[in-house]
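Numbering (our numbering), first residue to last: 8 to 345. We put the beta carbon where it would ideally sit given N, CA and C, even for glycine. Here is the structure we will look at, set down as structure tokens.
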């Protein structure tokens, strides 16, 4: 586990502020890290935990040598807790039982450090009962306990939880930063740069594309947009495309929508003659050929529609029925019924 600030790519301003809080012993008991998946929020949270728990920190930097740091590196620290959603059901969820189990553990005295740290990954997946249960602990933490909630959707959290946390917003990484991280993971230079172009600031998104399924999804989106632009969407395509896309898992459909949003964004850039780099550089000539076949209003309507349906994937829905519904509405937009 990486527990050192210097090994984190990007987010310099946030890291400097968090280090200062640690060095001046001013860390709030509840923090909320917000931003898209795959940009390093969890790594920052773990580095923060290491600095809080370390026996001999220096200027907010964990020493890496004390018993606490070594325990964290070995994933056996008795005062460090990390909660993750249960993914055995139709949608990931953090249940009230998970929160209660954590509460039982932190009610005991610290074992190795003077403080305890709880990281809650994907905090937006807490159901209402779990969120309300956590709220009581955040309001009255009892002792030196620090909570770091990590989310990609702050709006899905209770306002009462948000108001009790110090919020830190994390921006997406630059293309160069994504490419650097991909290279460190063994992706070759040229391919790392290519994937970084599709990443939209997220290493997670880039890695999803770095396999046959990811490439197939990207090309499927290009073909689907071609059908939109050429007004070839009909009810037969609704059923065939709906059945084909309905076989994918929700995380892959989220990626499909991300690629579709990128194509719309590229088409708007081409439409307006902007010199902003395209995501789909390899398909630039093909996309340029469709310029003007859909109006800007139609493109913006498709963009809004894609974001709406991508958001629906958070809920328990039938992928096939949802995609059929999306394609029907996309067909109406492309045929002029905005």
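Does DSSP put residue i in a helix, in a strand, or in coil?
i: residue 332; result: helix
i: residue 231; result: helix
i: residue 123; result: strand
i: residue 82; result: coil
i: residue 60; result: helix
i: residue 93; result: strand
i: residue 197; result: helix
i: residue 238; result: coil
i: residue 312; result: helix
i: residue 27; result: helix
i: residue 326; result: helix
i: residue 340; result: helix
i: residue 107; result: helix
i: residue 140; result: helix
i: residue 73; result: coil
i: residue 192; result: coil
i: residue 11; result: coil
i: residue 320; result: coil
i: residue 255; result: coil
Please confirm whether residue i and residue j have their CB atoms less than 9 Å apart.
i: residue 141; j: residue 113; result: no
i: residue 46; j: residue 65; result: no
i: residue 103; j: residue 93; result: no
i: residue 204; j: residue 262; result: no
i: residue 237; j: residue 305; result: no
i: residue 161; j: residue 128; result: no
i: residue 330; j: residue 253; result: yes
i: residue 109; j: residue 87; result: no
i: residue 152; j: residue 122; result: yes
i: residue 260; j: residue 326; result: yes
i: residue 155; j: residue 40; result: yes
i: residue 338; j: residue 244; result: yes
For residue i, write down the residues that DSSP places opposite it in a beta bridge.
i: residue 101; result: 133
i: residue 173; result: 38
i: residue 6; result: The structure shown has nothing for residue 6, since the chain only spans 8 to 345.
i: residue 154; result: 37 and 125
i: residue 298; result: 301
i: residue 87; result: 124
Does the beta-carbon of residue i have 16 or more other beta-carbons within 10 angstroms, so that it is buried, or is it exposed?
i: residue 54; result: buried
i: residue 32; result: exposed
i: residue 224; result: buried
i: residue 48; result: buried
i: residue 258; result: exposed
i: residue 246; result: exposed
i: residue 186; result: buried
i: residue 83; result: exposed
i: residue 69; result: buried
i: residue 335; result: exposed
i: residue 280; result: exposed
i: residue 323; result: exposed
At a cut-off of 8 Å, would you count residue i as near the ligand HEM, judging by its Cβ distance to the nearest heavy atom?
i: residue 339; result: In terms of ligand content, the structure shown is empty, and the ligand HEM therefore cannot be addressed.
I'd like to know if residue i contacts chain D, where contact means its C-beta is closer than 9 Å to some C-beta of that chain.
i: residue 244; result: Absence of chain D from the displayed structure is noted, only one protein chain being present.
Checklist entry - Is there contact here, the segment 305-318 with the segment 263-274, by at least three beta-carbon pairs under 8 Å? => result yes
Checklist entry - Counting Cβ pairs closer than 8 Å, one from the segment 76-86 and one from the segment 204-220, do we hit at least three? => result no
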